[in-house]
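Asker: Pasting in a structure now, in structure tokens, and then I'll have a few things to ask.
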């Protein structure tokens with residue numbers, strides 16, 4: 135098990151059809167070792183059972199490397215600009231009780247009741263975006279819909295002005311391809327501009343809407359006191375990024391899956407009640423978030439048939455878990471009526487995705503609106519001509535060209 139394996143989990147070829155490589159990874163064992171860009175030697179859990187075990191075993195595995203005697207984060211932060219290091223202050227990098235404190239500040243806003251109240255706004259945004267397609271025969275849904283819908287929704291939720299949306303896309307465009315340290319460093323100036331903007335709008339009178347989540351976070355006070363400015367900026371950046379980047383690729387990947395599986399799209403159009411299970415199958419089959427943030431062994435441990443040292447780094451490779459035949463019948467098949475569907479696309483355990491209700495709502499509304507307005511929509515290029523990004527941990531296409539009629 136100590137052998138470092140060479141699996142292709144970065145290339146556009148892998149993202150276009152990941153199943154053969156994912157099967158090869160699981161055949162090598164429940165945990166495989168790889169050398170990943172930037173972070174280095176990492177153990178990847180690749181079966182459904184191993185991923186659940188890793189993500190739920192908070193006694194043996196921790197998110198904060200300092201709690202496992204690891205210097206990995208310090209080493210990475212030393213080579214990254216301070217602006218990028220600041221972003222590590224968010225709740226994803228902490229264990230309880232600090233994780234619970236930070237998550238508790240925003241949990242209420244993302245619960246089912248709050249998201250249900252947002253659905254009319256989400257539908258209105260989707261309709262306004264689709265209205266721009268009238269009179270046109272072809273569009274790039276990635277550029278003009280899949281990215282703009284989640285961006286508009288999370289900005290409205292946070293209280294960020296709509297007029298600034300163009301700046302956000304420009305500043306963060308460099309994060310589209312982050313397969314190595316040089317790509318990350320090239321993206322740093324745009325991230326710096328975004329962080330500087332968020333720092334300004336997060337201050338009183340800085341431009342955030344008074345009814346938005348940014349203002350609420352700035353003013354909330356708990357037993358531990360208020361968020362520091364750095365904590366607030368890091369939290370808002372996390373909510374902004376997670377609230378639109380991953381949902382963008384869920385919507386784009388889901389539309390691509392439906393448009394390349396005619397019989398499944400026909401089932402959905404003829405039976406709209408299948409929308410909920412359609413979204414779940416897109417989450418599983420597309421697996422837009424391919425892997426989790428790292429965990430660290432808290433001490434020397436025997437786990438999943440191997441021996442590991444304190445500080446060893448692990449990640450759950452969710453895409454492999456989501457097509458594990460030990461958990462899913464005929465896992466390579468895209469089936470919008472699949473039930474049950476215990477995919478791990480939102481993770482599990484205490485770090486379960488905060489925005490899962492919002493992502494489901496946005497994807498469902500996006501699919502409903504697109505197919506209602508354009509029932510004859512089809513891909514405008516052969517599937518092999520669709521370009522996929524070279525990214526670690528995110529399955530992202532560059533463009534989604536379609537013919538509307």
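Residue numbers (my numbering): 135 to 539.
Just so you know, even glycine gets a beta-carbon here, dropped at the ideal spot from N, CA and C.
The model shown is predicted, which means the values in this text are computed figures rather than measured ones.
Helix, strand or coil: which one does DSSP assign to residue 525?
Answerer: coil
Asker: Under 8 Å by Cβ, that's how I've got residue 480 and residue 195 pegged, so tell me the actual separation to the nearest angstrom.
Answerer: Contact doesn't hold; Cβ gap of about 18 Å is too wide.
Asker: On the three-state DSSP scale, how would you describe residue 146?
Answerer: Note: residue 146 maps to helix in three-state DSSP.
Asker: Tell whether a beta-carbon distance below 9 Å holds between residue 424 and residue 529.
Answerer: yes
Asker: Between the segment 163-175 and the segment 135-151, do three or more beta carbon pairs fall short of 8 Å?
Answerer: These segments touch.
Asker: Let me confirm a value: residue 229 is counted as buried when at least 16 other C-beta atoms fall within 10 Å, else exposed. Which label applies?
Answerer: Buried is the call here.
Asker: Could you check how far apart the C-beta atoms of residue 449 and residue 156 are, in whole angstroms? I think they sit under 8 Å.
Answerer: Not really, about 14 Å apart at Cβ, beyond 8 Å.
Asker: What residue range is occupied by the uninterrupted alpha helix (DSSP H) comprising residue 419?
Answerer: 409-420
Asker: Using beta-carbon positions only, say whether residue 246 and residue 226 come within less than 9 Å of one another.
Answerer: no
Asker: Have a look at 368, 248, 272 and 438 and flag the residue whose alpha-carbon is nearest the alpha-carbon of residue 515.
Answerer: Shortest Cα-Cα distance from residue 515 to any of 368, 248, 272 and 438 involves 272.
Asker: Quick one: is the Cβ of residue 256 within less than 8 Å of any heavy atom of the ligand COA?
Answerer: Absent from the structure shown: the ligand COA. Ligands present: none.
Asker: Closer than 6 Å by C-beta to residue 499: which residues in its own chain qualify, once you throw out the five before and the five after it? Chain order, please.
Answerer: 256, 257 and 260
Asker: Helix, strand or coil: which one does DSSP assign to residue 431?
Answerer: In the structure shown, residue 431 sits in a strand (DSSP, three-state: E or B).
Asker: What is the DSSP secondary structure of residue 258, counted as helix, strand or coil?
Answerer: If DSSP states are grouped into helix, strand and coil, residue 258 belongs with the helices.
Asker: Which of the three DSSP states, helix, strand or coil, is assigned to residue 406?
Answerer: helix
Asker: Which residue from 180, 447 and 189 puts its Cα closest to that of residue 173?
Answerer: Closest option to residue 173, judged by alpha-carbon separation, among 180, 447 and 189: 447.
Asker: Is the Cβ-Cβ distance between residue 335 and residue 492 less than 9 Å?
Answerer: no
Asker: What are the boundary residues of the alpha helix (DSSP H) that includes residue 284?
Answerer: 282-292
Asker: Grab me the residues of residue 153's own chain with a C-beta within less than 7 Å of its C-beta, minus the 5 sequence neighbours each way, in chain order.
Answerer: 457 and 466.
Asker: Please list, in chain order, all residues of the same chain as residue 564 whose beta carbon is under 6 Å from its beta carbon, the five residues on each side excluded.
Answerer: Lying before the first or after the last residue shown, residue 564 is absent from the chain, which here runs from 135 to 539.
Asker: As a quick exercise: from 342, 264 and 262, pick the residue whose alpha carbon is nearest that of residue 298.
Answerer: 342
Asker: Where residue 354 and residue 361 are concerned, what is the direct C-alpha to C-alpha distance, given to the nearest angstrom?
Answerer: Take the alpha-carbon of residue 354 and the one of residue 361: they are about 8 Å apart.
Asker: Can you find the residues in the same chain that come closer than 8 Å, C-beta to C-beta, to residue 559, ignoring five residues on each side of it along the sequence?
Answerer: Lying before the first or after the last residue shown, residue 559 is absent from the chain, which here runs from 135 to 539.
Asker: By the DSSP assignment, the alpha helix (DSSP H) with residue 368 in it spans what residues?
Answerer: 363-393
Asker: Can you say whether residue 281 is buried or exposed, counting buried as having 16 or more other CB atoms within 10 angstroms of its CB?
Answerer: buried
Asker: Please tell me whether residue 402 and residue 505 are closer than 9 Å, where the distance is taken between their beta carbons.
Answerer: yes
Asker: In whole angstroms, what is the alpha-carbon distance linking residue 267 and residue 501?
Answerer: 16 Å
Asker: Between residue 389 and residue 534, is the Cβ-Cβ spacing less than 9 Å?
Answerer: yes
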